[in-house]
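Read through the structure below, which is laid out as structure tokens, and then see the notes.
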Amino acid sequence: MGNTNLAAILASSDSLSGSRQFFDLVLSSSPDVVFVKDSEFRIVMANPAFLSLYPEDMRDKVIGFTTLEEYDEAQAEEFLTHDRVAFETGESSTIETIDFPDGKRRVLSTKKIRFEQGDGSQYIVGIGRDITDIVAGQEALAVSEERYELAVAGSAAGIWDWDLTTNNVFWSDRIKRQLGLAGDNGTMGIAEFIARYHPDDEERLAEKLRAHLQDREPYDVEFRAWVNGEYRWFRSCGQAVWDEHGQPKRMAGSLEDVTYHINAQEKLAQSMERLDEFAHIASHDLREPLRGIGSLVEFVKEDYGDTLPSDAVEQLDRITELKKRADTLVAELLQYSQLAHSEKRTDTVDLNALVAEAIRILPRDASHSVDVVSLLPTIVCEPVAIRQLFQNLITNGLKYNESANKRIEIGVIANDEDDPSSNETFFVKDNGIGIATKDQDKVFKIFQRLHGKTAFGGGTGAGLTFVKRIIERHNGTIWIESEPDEGSTFFFTLDAQR
Ligand code: ADP
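In terms of my numbering, the sequence shown opens at residue 162 and continues consecutively.
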């Protein structure tokens, strides 16, 4: 009827308002069930909605009947009880779950009202609304709310829910505690919350929020907020809901105090830095006494070589050998610490050319083949370091290899199509001796070898540590898939910046 006033139409149209036709129209189109019972509980009138609760072949057995025999005893008794209450008190209301003769179970909210005809006979009119779907919806909601509350209670995060149309925010109790909002009444508007952000984080957070609400980018932020006299770190993830015009109307998410984790990360980073500094100073300072030892041995040999017994000369040669090994170790330690300290000099590099160069400088040997099996991308990286990385992996693949035909394959696996931000994975695969799972972490530790000092041509155990550092400098990760005697594949990622 739109804005038209129904009462006005009815008043101006006596023929319609007074007519039985109108009454019938309302009853027959009502989705609610309407019935009238006499004092013997027989149905004397029922609308189509009521009749449709009965199978078609029963519908002519409804008017004039009680239909009670169609229900089980308890159900029939319940109908009668409410009928009686209505007859006695004038009215009854009930919500009942009924197994109807059409085989369906429904929940009806029914009101019964007594009325009298001119001849004094009493009737009740019943109006029932099918609320089955509403009840089922409420039950499903209760289950999901319960599940949600359990999940939230079991995690360290609290929940917020922001109505963007009114700007009201719901904060769960855990958030209130984390934000130092005292008692049950303590609450806070969104503006008040934003005012607590650390000034250095404000702009970034505003941009993240804009990107989520407008461009629907994921919202997952870490920031500092002022709580009880100090800045604490929080992580918040959220998800908005948009209306049919694409306007965000609500956003809900989690908030967790991550100060402890951030502090631990910072401490770890600091101690790593101190370790790098130590390695840098130690390696630098060790070079001088080592040089001194070398010179002294040479002097002794030059000045007294002729007069010394031969086993003493042998001992001196042994000192020179050990000194050389110490030189190598110190040089590698220095290189390792430089990988942490030196400034990153990046360039746009075609990896096909870079890997070809790394292969070209390998010692030639007919018993081995090194092949690039896929087209490599052009990336922004530190060319010298990345070439060293490929060189180390290829050299190892040939060195720790007892196959008659040593084979190395270098390639790339495209990034995950579903996640455009994912990086491609590079690999260097060999048919060498393999590495047991338990040793796969060990090989990346500095000066760790899985073999004796001279086995497989010797080595210091620093090569893979460099490889790992170089990858970390490019924000990537490295891992191994290998089994003893089955060859090894080194997989790694590099930051996808192009
Ligand atoms: P180095 O070769 O100087 O010993 P690395 O750091 O390059 O140092 O390697 C550490 C150890 O890891 C090696 O001693 C070797 O035992 C093992 N390793 C490295 N690469 C491979 C490979 N491709 N196959 C089998 N074992 C390997």
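All C-beta atoms, glycine included, are put in the ideal place defined by N, C-alpha and C.
These numbers were taken from a predicted model, which means no experiment stands behind them.
Presumed contact (8 angstroms Cβ cut-off) between residue 395 and residue 417, rounded CB distance: The pair is a contact, with the Cβ atoms about 7 angstroms apart (cut-off 8 angstroms).
For residue 349, three-class secondary structure by DSSP: Here DSSP, grouped into helix, strand and coil, assigns residue 349 to coil.
Host beta strand (DSSP E) of residue 663 (start-end): Summary: the structure shown does not reach residue 663, with the chain confined to residues 162 through 659, and so no result is reported for it.
Any non-hydrogen atom of ligand 1 within 7 angstroms of residue 494 CB: For residue 494, the shortest separation between its Cβ and any heavy atom of ligand 1 does not lie below 7 angstroms.
Neighbourhood of residue 244 by C-beta distance below 7 angstroms, restricted to the same chain and skipping five residues each side: Taken in chain order, the residues that qualify are 198, 202, 273 and 285.
Residue 591 Cβ short of 7 angstroms to ligand 1 heavy atom set: Yes.
DSSP state of residue 548 mapped onto helix, strand, coil: Residue 548 falls in the helix class under three-state DSSP.
Check whether residue 507 and residue 533 have beta carbons under 8 angstroms apart: Contact flag unset, no.
Sufficient close CB pairs (3 or more, under 8 angstroms) joining the stretch 470-479 to the stretch 500-518: Contact between the stretch 470-479 and the stretch 500-518 is absent: fewer than 3 CB-CB pairs across the two stretches fall below 8 angstroms.
Secondary structure of residue 293, DSSP reduced to three states: Here residue 293 sits in helix by DSSP.
Paired residues, beta bridge with residue 439 - DSSP: In DSSP, residue 439 forms no bridge with anything.
Straight-line gap, residue 268 to residue 290 (C-alpha atoms, nearest Å): One alpha carbon belongs to residue 268, the other to residue 290, and they sit about 8 angstroms apart.
Residue 610 Cβ short of 7 angstroms to ligand 1 heavy atom set: Yes, since a heavy atom of ligand 1 falls inside the 7 angstroms radius drawn around the Cβ of residue 610.
For residue 228, the three-state DSSP class (helix, strand or coil): If DSSP states are grouped into helix, strand and coil, residue 228 belongs with coil.
Outcome for residue 719 when other beta-carbon atoms lying within 10 angstroms are tallied against a minimum of 16: Since the displayed the chain opens at 162 and closes at 659, residue 719 lies outside it and no answer follows.
Residue range of the unbroken alpha helix (DSSP H) whose run includes residue 497: Element bounds for residue 497: 471-502.
Span separating the alpha-carbon of residue 575 from that of residue 480: Going by the C-alpha atoms only, they are around 52 angstroms apart.
Closest residue to residue 325 among 292, 601, 310 and 374 (Cα-Cα distance): Measuring from the Cα of residue 325, the nearest candidate turns out to be 374.
Integer-rounded CB distance, given that residue 605 should sit under 8 angstroms from residue 625: A Cβ-Cβ separation of about 5 angstroms places residue 625 in contact with residue 605 under the 8 angstroms criterion.
From 569, 585, 299 and 553, residue whose alpha carbon lies closest to that of residue 539: Per the Cα distances, 585.
Nearest-angstrom Cα separation, counted from residue 587 out to residue 636: Each residue's CA atom was taken as its position, placing residue 636 and residue 587 some 14 angstroms apart.
Extent of the continuous beta strand (DSSP E) to which residue 529 belongs: From DSSP, the beta strand (DSSP E) with residue 529 extends over 529-533.
Local Cβ density within 10 Å of residue 282, reported as buried at 16 or more and exposed below that: By the neighbour-count rule (16 or more Cβ atoms within 10 Å), residue 282 is not buried but exposed.
Beta-carbon proximity list for residue 303, same chain, < 7 angstroms, skipping 5 on both sides: Excluding residues within five positions, none has a Cβ falling inside 7 angstroms.
Assigned secondary structure, residue 651 (DSSP; H/G/I helix, E/B strand, else coil): Note: residue 651 maps to strand in three-state DSSP.
Nearest-angstrom Cα separation, counted from residue 296 out to residue 331: Cα-Cα distance, rounded: 26 angstroms.
Reference residue 309, options 554, 264 and 413, closest by Cα: Ranking the options by Cα distance to residue 309, first place goes to 413.
Per-residue DSSP class, three states only, for residue 162: Any reading at residue 162 needs caution, since the residue's pLDDT is 40, under 50, leaving its predicted position unreliable; the model's value is listed next. Of the three classes helix, strand and coil, the one that applies to residue 162 here is coil, per DSSP.
Buried versus exposed call for residue 167 [16 or more other C-beta atoms within 10 Å across all chains shown]: Because the pLDDT of residue 167 is 49, which lies under 50, any placement of that residue in the model is unreliable, and the number read from its coordinates should be weighed accordingly. So residue 167 counts as exposed.
Beta-carbon contacts of residue 513 that lie in its chain and below 6 angstroms, excluding the five residues immediately before and after: Within the same chain, residue 513 has close Cβ partners 537.
Residue 625 CB to nearest heavy atom of ligand 1 below 7 angstroms: Taken from the Cβ of residue 625, at least one heavy atom of ligand 1 lies inside 7 angstroms.
Any non-hydrogen atom of ligand 1 closer than 7 angstroms to residue 392 Cβ: Because no heavy atom of ligand 1 lies under 7 angstroms away, the Cβ of residue 392 does not count as near it: no.
beta-carbon residue 613 near ligand 1 non-hydrogen atom, thresh 7 angstroms: For residue 613, the shortest separation between its Cβ and any heavy atom of ligand 1 does not lie below 7 angstroms.
Residue 620: CB within 7 angstroms of a non-hydrogen atom of ligand 1: For ligand 1, a non-hydrogen atom lies closer than 7 angstroms to the CB of residue 620.
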